[in-house]
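Peer 1: The structure's right below; bear with me while I get my questions together.
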Amino acid sequence: TEVVRQRRDGRRIYLDMTLAPMRDRAGCITGYLTIAADISERKEAEQRIEFLAYHDVLTGLPNRLLLRDRVDQALTHAERHGQRLALLFMDLDNFKQINDTLGHDTGDQLLQAVTQRIQQCLRETDTLSRLGGDEFVILLRDLADEQAAVPVLDKLLAQMQRPFLLDGHELTTSVSIGVALYPEDGRSFDVLMKKADMAMYQAKENGRATYHF
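In our numbering, the protein residues as written are 14 to 226.
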């Protein structure tokens, strides 16, 4: 049997407990012998593997697999309660140039800083996901109408246009955002993702640093 215990320093440890009955000469049980093996390292490794299966390594954000699960749950909830939701497909406008000029370490730091800024614009019920590279997807739940997403979009654009200070460099960037709405643009994860991706490219064609429904 696996049990969780807490040490004096507050750290949790995982134990594999085995109970063996102790008997006297007549065969009657007089007590039990408990054997405990500390399996904390193994459990932590298992939890790490499980985390990496559903999250992005660099930012710790949900990956595409976990995003799909969140969207499917949100779609079911939205259909049941007659609500809307939005998928926002975000792409940094000049990330490749920054990466090529300053190197991948600075590029990674920028992605982590971008993640923090995006999270400041969202509610606890929203989901921010990184698909890879400089592509992020946001799930906005429980929207009354299309216009309910606009304040979030405006806030995201404003946050991304503020300079980032990394390793002594002042970096400026912006984002192009494509928006797909349920149920107007689709009723499944794949369709909404495709529409949001298409809308993002339209935002880039419209001059970047903007959003397109």
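Heads up, the beta-carbon is just placed ideally off N, CA and C, and yes, glycines get one too.
Which residues mark the beginning and the end of the beta strand (DSSP E) in which Arg97 is found?
Peer 2: Translated into the one-based positions of the sequence shown, residue 97 becomes position 84. 97-105 is the span of the beta strand (DSSP E), which, as asked, contains Arg97.
Peer 1: Quick one: complete beta strand (DSSP E) runs, 3+ long, within the segment 70-139?
Peer 2: Runs of the beta strand (DSSP E) inside the segment 70-139: 97-105.
Peer 1: Relative to the C-alpha of Asp178, which residue among Leu80, Ala126, Val188, His68 is closest?
Peer 2: Walking along the sequence shown from the start, residue 178 turns up at place 165. In the sequence under discussion, the amino acid at residue 178 is Leu, which differs from the Asp named in the question. It is Ala126 whose Cα lies nearest to the Cα of Leu178.
Peer 1: Given this structure, state the Cα-to-Cα distance separating Gly191 from Phe226, to the nearest angstrom.
Peer 2: The residue given as residue 191 occupies position 178 in the sequence shown. The residue given as residue 226 occupies position 213 in the sequence shown. Roughly 6 Å between the two C-alpha positions.
Peer 1: For the segment 35-69, which segments carrying the beta strand (DSSP E) assignment without a break, of at least 3 residues, lie completely within its bounds, in sequence order?
Peer 2: Here the runs fully enclosed are 42-51.
Peer 1: Ala193 lies in the beta strand (DSSP E); which residues open and close that run?
Peer 2: On the sequence shown, position 180 is the one that residue 193 refers to. Counting along the chain, the beta strand (DSSP E) containing Ala193 begins and ends at 188-195.
Peer 1: Helix, strand or coil for Asp180? Go by DSSP, reduced to three states.
Peer 2: Counted from its first residue, the sequence shown places residue 180 at position 167. It is coil, neither helix nor strand.
Peer 1: My guess is that Leu170 and Ile151 are in contact by the Cβ rule of under 8 Å, so how many angstroms apart are they, rounded?
Peer 2: Walking along the sequence shown from the start, residue 170 turns up at place 157. Walking along the sequence shown from the start, residue 151 turns up at place 138. Leu170 to Ile151, Cβ: 13 Å. No contact.
Peer 1: What is the DSSP secondary structure of Phe226, reduced to helix, strand or coil?
Peer 2: Start at 1 with the first residue of the sequence shown, and residue 226 comes out as number 213. Phe226: coil per DSSP, three-state reduction.
Peer 1: Identify the continuous beta strand (DSSP E) that holds Glu15 and give its terminal residues.
Peer 2: Translated into positions along the sequence shown, residue 15 becomes position 2. That run of the beta strand (DSSP E) goes 15-19.
Peer 1: With Leu123 and Ile131 assumed to form a contact (beta carbons below 8 Å), what rounded beta-carbon distance in angstroms separates them?
Peer 2: For this step, residue 123 is matched to residue 110 along the sequence shown. For this step, residue 131 is matched to residue 118 along the sequence shown. Actually they are not in contact, since the Cβ atoms of Leu123 and Ile131 sit about 12 Å apart, beyond 8 Å.
Peer 1: Rounded to whole angstroms, what's the CA-CA distance from Ala216 to Asp106? Just pull it up for me.
Peer 2: Sequence index remark: in the sequence shown, residue 216 carries index 203 (1-based). Sequence index remark: in the sequence shown, residue 106 carries index 93 (1-based). In a straight line, the C-alpha of Ala216 is about 10 Å away from that of Asp106.
Peer 1: Cβ atoms of Gln96 and Leu156: under 8 Å apart, would you say?
Peer 2: To locate residue 156, count along the sequence shown from 1; it is residue 143. To locate residue 96, count along the sequence shown from 1; it is residue 83. Contact: yes.
Peer 1: Can Met30 and Thr43 be called in contact, C-beta distance under 8 Å?
Peer 2: Here residue 30 refers to the residue found at position 17 of the sequence shown. Here residue 43 refers to the residue found at position 30 of the sequence shown. Against a cut-off of 8 Å, the Cβ pair of Thr43 and Met30 comes out as no contact.
Peer 1: Could you give the distance in angstroms between the alpha-carbon of Glu63 and the alpha-carbon of Leu74?
Peer 2: Position 50 of the sequence shown holds residue 63. Position 61 of the sequence shown holds residue 74. Their backbone Cα atoms lie some 14 Å apart in a straight line.
Peer 1: Give me the Cα-Cα distance between Asp198 and Gly145, rounded to the nearest whole angstrom.
Peer 2: The count along the sequence shown starts at 1 and reaches residue 198 at position 185. The count along the sequence shown starts at 1 and reaches residue 145 at position 132. When rounded, the distance between both Cα atoms is 24 Å.
Peer 1: Give the single residue among Leu88, Pro34, Val70, Arg25 whose Cα lies nearest to the Cα of Glu57.
Peer 2: On the sequence shown, residue 57 is found 44 positions in, with the first residue counted as 1. Looking at the Cα atoms, Arg25 is the closest of the given residues.
Peer 1: Spatial neighbours of Met213 within its chain, please: CB distance less than 6 Å, with the 5 preceding and 5 following residues excluded, ordered by chain position.
Peer 2: Reading the sequence shown from its first residue, position 200 is the one you call residue 213. Contacts found: Phe102, Asp104, Ser189, Gly191.
Peer 1: Helix, strand or coil: which one does DSSP assign to Ala157?
Peer 2: Here the question's residue 157 lines up with position 144 in the sequence shown. It is coil, neither helix nor strand.
Peer 1: On the premise that Thr128 lies in contact with Leu80, defined as a C-beta separation below 8 Å, what is that separation, rounded to the nearest angstrom?
Peer 2: Mapped onto the sequence shown, residue 80 falls at position 67. Mapped onto the sequence shown, residue 128 falls at position 115. Actually they are not in contact, since the Cβ atoms of Leu80 and Thr128 sit about 14 Å apart, beyond 8 Å.
Peer 1: I need the straight-line Cα distance from Val252 to Leu71, nearest angstrom please.
Peer 2: With the chain covering 14 to 226 only, the question about residue 252 has no answer from this structure.
Peer 1: Below 8 Å on the Cβ atoms is my contact criterion, and I expect Leu32 with Asp51 to pass it. Report the Cβ-Cβ distance as a whole number of Å.
Peer 2: Counted from its first residue, the sequence shown places residue 32 at position 19. Counted from its first residue, the sequence shown places residue 51 at position 38. So it is not a contact: roughly 17 Å between Cβ atoms.
Peer 1: Please report the straight-line C-alpha distance between Ser201 and Leu194, rounded to a whole angstrom.
Peer 2: Counted from its first residue, the sequence shown places residue 201 at position 188. Counted from its first residue, the sequence shown places residue 194 at position 181. Their Cα atoms are separated by approximately 11 Å.
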